[in-house]
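For the sequence shown, position 4 (counting from the first letter as 1) is numbered 3 according to numbering that gives the first Met the number 0, and the numbering increases by one without interruption. Every residue gets a Cβ at the ideal spot worked out from N, C-alpha and C, and that includes glycine. None of the values given here were measured: they were computed from a predicted structure. Below you'll find the structure, written out as structure tokens, and then a few comments.
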Amino acid sequence: MNLVDVVKQAHTNPKVTEMPTFKSGDTVAVHAWIKEGNKSRIQVFQGTCIAIKKRGDVEGHFRVRKTSNGIGVERVFPFHSPNVEKVEVIQRGKSRRAKLYYLRERSGKSARIAIDYDRKK
């Protein structure tokens with residue numbers, strides 16, 4: 000076992016196996032730990048998953064975008080981060096692309112993604 004494997008094994012998060020399977024286009028709610036001063040709490044970040052990279056790997060992450068007060072907000076959540084408590088799939092989206100970066104330039108009705116009723120929850 001080389002040094003890279005040892006580091007990857009040390010930084011894996013056991014909660015990754017409990018994460019649901021989701022794709023880009025799905026609306027997800029990510030429960031993440033937030034530190035404010037000397038306190039910490041869980042904050043829910045709910046939005047559309049626009050990109051997933053290296054799903055099973057230590058370097059893997061997913062990108063969630065939402066609109067808050069008319070301003071687009073994106074956050075990147077690593078799969079193996081200890082700050083990600085859990086991920087819930089709110090709605091399954093019907094997407095024909097793996098990366099939905101085109102949603103950054105859109106707002107209102109043109110930024111919507113159709114619901115995929117055929118996929119199971």
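In this structure, what does DSSP give as the bridge partners for residue 71?
Answer by DSSP bridge pairing, in chain order: 66.
Which word fits residue 165, buried or exposed, when buried means at least 16 other C-beta atoms lie within 10 angstroms of its C-beta?
Limits of the chain in this structure are 0 at one end and 120 at the other, which puts residue 165 out of reach.
Three-pair Cβ contact test at 8 Å for the stretch 33-45 versus the stretch 3-23:
no
How is residue 27 classed by DSSP in three states: helix, strand or coil?
strand
Exposed unless 16 or more other CB atoms sit within 10 angstroms - verdict on residue 29
Buried, since its Cβ has 16 or more Cβ neighbours within 10 Å.
Between the stretch 84-100 and the stretch 108-115, are three or more C-beta pairs nearer than 8 Å?
yes
What span of residues does the beta strand (DSSP E) with residue 50 cover, start to end?
DSSP places residue 50 inside the beta strand (DSSP E), whose first and last residues are 38-52.
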